[in-house]
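Novice:
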Amino acid sequence: MARVTSADRFPASAHPDERSRLVPREAISILPLYRDRRVRAIVHPLWKTGVLAIAAVSLLCFAITATPYPAVHHVRRNPAFLVDAKNGAVASENEVCSDLGVRILKLGGNAVDAAVAATFCIGVVNLFSSGIGGGGFMTVRVPPSSNNPSSDVWSIDFRETAPAHANTTMYVGAPEYALFGGLAIGVPGEVRGLAEMHARWGSLPWAQLVQPSVELASGWRVGKELARRLPYFADLIFKDPAWTAIFAPDGKILGEGETVRRTNYSRTLAAIAANGADAFYKGEIADAIVHAVQSTGGIMTHKDLEAYAVNVAPALVGTYRGRKVYTPHAPTSGPVLMHMLNLLERYDLSGEGRTVLNTHRLVEVMKFGFAARTKICDPAFTDDTARIDEISTKTFGKLISANVTDDTTHTPDYYNPVYDVPIDHGTSHISVVDKNGMAVAITSTVNLVFGSQVMDPVTGVLFNDEMDDFSTPGTANAFGLWPSPYNYPEPNKRPLSSTSPTIIEHADGSFYLALGGSGGSKIFPAVLQVLLGIDEWGLDASEAVEWGRLHDQLYPSIVEADSILPQDAIDGLRERGHNVTVADVDRVAAVVQVVMKAGDKIYGKKMKTSGLLSIACLALRSVAYDYVVVGGGAGGLTVASRLSEDPAVSVLVIEAGLNVEDLPEVFIPGLIGSGQSFTTLNWRYPTVPQANLNSRQININAGKALGGSTAINGMIFPRAEKEQYDVWGSLNDDSAWTWDRLLPYFKKSELSTPPNAFQVENGVRFDEHVHGFDGRVHVGFPNFFFNQSRLWVQTAERLGFPASPDLANGSPHAVGVAPNSLNAMNNTRCSAVCAYFTPFASRPNFTVITNATVSRLLWNSSTKNTLAHASGVEYITNNGSTFNVSANKEVIVSAGTIGSPKVLELSGVGNSTILKAAGVQQKVDLPTVGENLAVQITYITGLTKDLLNMNATFASEQLALWFSNRTGLFSAAPRSLGIAAPSDVFSQEQLSSLVAEGRRTLQSFAIAFSNGNADLAKGIAKQLDAAFNLYERNKELPLEMNLEPGYSGPTPLSARPNRTFTTINAVLYAPLSRGRTHINSSSPFAFPAVNPGYYSHPMDIAAHVGGVRLARRMLTAPPLGETFLGEFEPGANKTSDAQIEAWLRANATSDNHETGTCAMMPRALGGVVDTSLLVYGTSNVRVVDASIIPFPISAHIVSDYYFP
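Under this note's numbering, the first residue of the sequence shown is numbered 992, with each subsequent residue one higher.
1) Applying the criterion that 16 or more other CB atoms from any shown protein chain within 10 Å of the CB defines a buried residue, is His2187 buried or exposed?
2) Where do the N-terminal and C-terminal ends of the alpha helix (DSSP H) with Asp1090 fall, by residue?
3) Please report the Cβ distance between Phe1775 and Ala1963, rounded to the nearest whole angstrom; I am assuming they are in contact, meaning their Cβ atoms lie under 8 Å.
4) Give a yes or no on whether the C-beta atoms belonging to Ile1276 and Pro1154 are separated by under 8 Å.
5) With a cut-off of 8 Å on the beta carbons, I'd call Ala1186 and Ala1268 a contact; round off their distance for me.
6) Would the segment 2090 to 2107 and the segment 2054 to 2065 be scored as touching if the rule is three or more Cβ pairs under 8 Å?
7) Taking Lys1907 as the reference, which of Ser2001, Leu1348, Ser2073, Tyr1716 has the closest Cα?
8) May I have the straight-line CA-CA distance separating Thr2140 from Gly1664, to the nearest angstrom?
9) Which partner residues of Glu1865 appear in the DSSP bridge assignment?
10) Helix, strand or coil: which one does DSSP assign to Ala1546?
11) Take the Cβ of Leu2116 as the centre, count every other Cβ of all protein chains shown within 10 Å, and call the residue buried at 16 or more, exposed below.
12) Below 8 Å, can you find three or more Cβ-Cβ pairs linking the segment 1344 to 1352 to the segment 1280 to 1295?
13) Pick helix, strand or coil for Pro1305, following the three-state DSSP scheme.
14) I need the boundaries of the beta strand (DSSP E) containing Trp1145, first residue and last residue.
15) Measuring alpha carbon to alpha carbon, tell me which of Arg1781, Asp2091, Ala2094, Ala1971 ends up nearest Gly2112.
16) Taking the alpha-carbon positions, what's the Ser2190 to Phe1737 distance?
17) Decide if Glu1457 is buried, meaning its Cβ has at least 16 other Cβ atoms within 10 Å, or exposed.
18) Measuring straight from C-alpha to C-alpha, what distance separates Thr1819 and Ala1198?
19) Does the distance from the C-beta atom of Gln1913 to that of Asn2143 stay below 8 Å?
20) DSSP three-state label for Ile2179, please.
21) Does Ala1972 come out as helix, strand or coil in the three-state DSSP assignment?
22) So, with DSSP's three-state summary, where would you put Ile1021?
23) Under 7 Å Cβ to Cβ from Val1205, same chain only, skipping five residues before and after it: list those, please.
24) Could you work out which residue in Thr1152, Gly1210, Ser1632, Val1583 is closest to Gly1766 when comparing CA atoms only?
25) Could you check whether Ala1809 and Val1761 sit closer than 8 Å to each other, using their CB atoms as the reference points?
26) Please return the same chain residues whose Cβ sits closer than 7 Å to the Cβ of Asn2171, not counting the five positions on each side in sequence.
27) Using C-beta distances below 7 Å, list every residue in its chain close to Lys1385, excluding the 5 sequence neighbours before and after it, in chain order.
28) Looking only at its own chain, which residues have a Cβ that is under 8 Å from the Cβ of Phe1764, when we skip the five neighbours before and after it?
29) For Pro1677, list the residues DSSP reports as bridge partners.
30) Please report the residue range of the alpha helix (DSSP H) in which Met2151 lies.
31) Between the alpha carbons of Pro1203 and Ala1639, how many angstroms are there, rounded?
32) With distances taken from CA atoms, which of Gly1180, Ser2163, Gly1177 is nearest Ala1727?
33) Any idea if Phe1502 is buried or exposed, counting beta-carbon neighbours within 10 angstroms, 16 or more meaning buried?
34) Gly2032 lies in the beta strand (DSSP E); which residues open and close that run?
35) Hey, Leu1541 and Val1354 are a contact pair by Cβ (cut 8 Å); roughly how many whole angstroms apart?
36) For Ile1367, which of helix, strand or coil comes out of DSSP?
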């Protein structure tokens, strides 16, 4: 489970407007377009790719009792998972693999067994960072025994080696060959390394440890980190059949949650499980590997594979403040870590604290450390091993310490480097400790993301590009540094590494902690600072990892300082001559994982990198909150944020999706609908076949992410006709739910930015009396307008549409530019996360768990009350672990119009017949749950900006323009709107006839829509009657007409003419048809049966046909008509109502904005909740989302349920 906090976006102390920091233009085409802080430190394309290899970490505990501070994070940047465990802990970068390690411990395995199993697992699910095609280093602690009174600590070097045909000048003039393709591949060492560790110290059979990964590779669900990377390797995936077969088997790239299969890799692992490491280095697998490498330009041979051997030696040992520090020898950076500890040991850091002076000393020590690092290489390839050996000694430390000056810093040559800083890009670290004190710290890597990008189609092995970690003579590295002669490639040589998997013991020899990390050159400085935080500055493991860090590697000549560091420390560094650059604390940097033992308790902590943190324990102490909110969409986050304003109240939000605020398709307006917006971030609820849509089965979109649909919607933020809101009040005989009473709350939610002169010039109108200026939801207008939009507004006005003074004023029968949920200061989307979570994430009483599916509400069986009382919630994490959380006061269901009735029905609240058929025992008899569903309908199925599709150069220029000044085409998300009244669609004769027929058949349709419930039939009859009253007064606004300066429709790009389009969409805004959604299974992962009943009422199809005719008039009337060259769809040959209707039935699809399934109406009218949103038949369950809206309104509904 994950505690999502402001650490996933920007510091809690920062205002959201800080997102306006600019991204370097050169980064745009290379990286996923994360928010600016993600790419601030990018210097060249390799590093841009490399930072993406840093993955999130999972921590799973094997414990008798466990106390996660479950995903709780407040002021610090990450949640602290302090695990009170007695039988061991496994920390890895993927929760599935951590869980596997835990299971191995539970089966009686030791730390070595768990590390072997977890490492093979990481190579399956996070192949972009490690795998059997790579290598690494490990440190292993064998605890004291009856035969050995003291522990033994060993290091195993299973680093890749250069093939025998390598030479010093092999990349001169062609450095790219060290990055991609066969020539970049070093001889893999991971299988030999794991086998060596197991042979020496493992306890369970080898096959038992590998077999789970064999099974996993045959099919698992794509995780967030893999899903994030795949789209940016699309060219590779579609060009290479081996990649296509795995990642795009059906012609499209797999998304998060979809099943991925590495069948050939599974067979390879099965052979390794059955026959040991030799199966990899000899025989058929070796034949395939050599062929794959050589066919892509590599020089590896069978002899290279057969000759590969690991290096096993007692770990490098030193001391710090009396504790023993164990770390690997060169070519790792373990000696450098030891050197820096030796330099710092002479200072009274604990007594003096983290002063400005000690901060300066830390930076100076770091610089001397990096200088020492340039002298390290593979010891087997130097005649001067004494040079390497002395680095970790106290004597050398004392010699160098005399050069550490307290008053000033120096230029790089002062520290005497020999130049070179290779970077480990795609790295994974695992730390394990078992109940006996055996510990393993293992770091493995394939170097860049997806390594060399060479995958053997026969074995499924993805190979490293570790040759890039060698230096190339005459060629500067990523930071413009000249190469070190100690690190040139030579046959069978191991390249220099930044890794430093470390184990520390107390002075008495007992286990203290194991730690390590990933993150290139930042690894060992980060490890050092975490150690200092724990040992010197009194921080616990969590605080030490989360504390602000510094980084200085000599070149470039800057100190990178986390933004949460005290200003006086930064000023003090600058006064001493340091060139300090303050970097966002939540940029992708080093990932540090710690497993620490204090007494009989084991603690674990990880450093976040924008991914998922999960915890699963053998036993979990009960966790309770005052309020538990099911669903982190607009309704859920708003109510949770408001409740948490009381510091005495604790609030938990459980969200099935992830926090995706950093995805470009989320925060860049012009990228709406692209990327993952309508794939992995979308529930895409399938409907049952729709009788009135030619039995087609379509999808209803709903956001599956923190923020719900506000993360993927069109950001359009108008309001409906005021008299439609008044119907809510009349249905409930409650004036509190009418326009006049609701408007103050609507305004209270807004933080509006009035239009500027440019926006006014382009038609924006703004009435300050209907907007708020002190709320949380940023509301503003775009900085880009299409010429067609301006012409269309003029055309609509000539056709009789009033010019809107403001489309949020409650009288939207008009045409104009709609307000947007947009931060106009930096032109980024403002979702519910931006508005109601990020600014308040530091509250200690406000917790969010993501990637967790609520399976049911729990009920208090001991209550004597006739009303059902919810005691809590059961939820399931994405690794299958089930948890219960208690609610001291209330449970608030905010899972959306389709999700909320599903949760209620899974919990036994609903129609007994439906529940019984699904295998759910009824708790509350409330048969109208899931009924009264109303969904808007349109014929938009795709959205393109033709200018971007037809001109990639123009698209790139426009994207660069957005990053540089937040203008251009990518700043334009919404369309201009024209809200049509009945008089715009029908003649008076048509309207009178339709209304008369509607009134005549009102009762029959009410009964048909009620699913046999007499009370609901009464409620729907009152709704239909209200709708006809509004139709007669020209106040029921049936259609939204909006203009898209591009193509919107059912025809794919490949099948339509290569030309630019202008599309006018007619959206059926206020349907009279009603449907339903109900569970048909007791599984929380099964989709419900959703039946919107589109076009079930004849008024709906009549209005939609009228909308197509109105769109035609708009396209052909001046001045827009002056640009008209012909009709593409439905087609000029479709002239009769019957022909247009047939086209709609064949092509119409959902426009979403679904409402009504937990309708706020009296129970006697078929309601599900009362006007306080309390579910009938319960004492403490409320619903807060669009499902409570009893009567559909003519608007994009998100503005209506941000009730603050």
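Note that beta-carbon positions come from the ideal geometry of N, C-alpha and C, so glycine has one too. This one's a predicted model, so the numbers in the text were calculated from it and none came from an experiment.
Specialist: Working from what's here:
1) buried
2) 1086 to 1097
3) 4 Å
4) no
5) 4 Å
6) yes
7) Ser2073
8) 16 Å
9) Arg1847, Asn1875
10) Looking at the sequence itself, residue 1546 is Tyr, so the reference to Ala does not match. Tyr1546: coil per DSSP, three-state reduction.
11) exposed
12) no
13) strand
14) 1143 to 1149
15) Arg1781
16) 7 Å
17) buried
18) 52 Å
19) no
20) helix
21) coil
22) Note that Ile1021 scores 22 on pLDDT, short of 50, meaning its location in the model is unreliable and no value can be drawn from it.
23) Ser1257, Leu1260, Ala1261, Ala1264
24) Ser1632
25) no
26) His1860, Ala1861, Lys1880, Glu1881, Val1882
27) Asn1333
28) Glu1741, Leu1742, Ser1743
29) Asn1690
30) Met2151 -> no alpha helix (DSSP H), and no H or E assigned at all.
31) 46 Å
32) Ser2163
33) buried
34) Per the sequence shown, residue 2032 should be read as Met rather than Gly. First-last of the beta strand (DSSP E) with Met2032: 2030 to 2035.
35) 6 Å
36) coil
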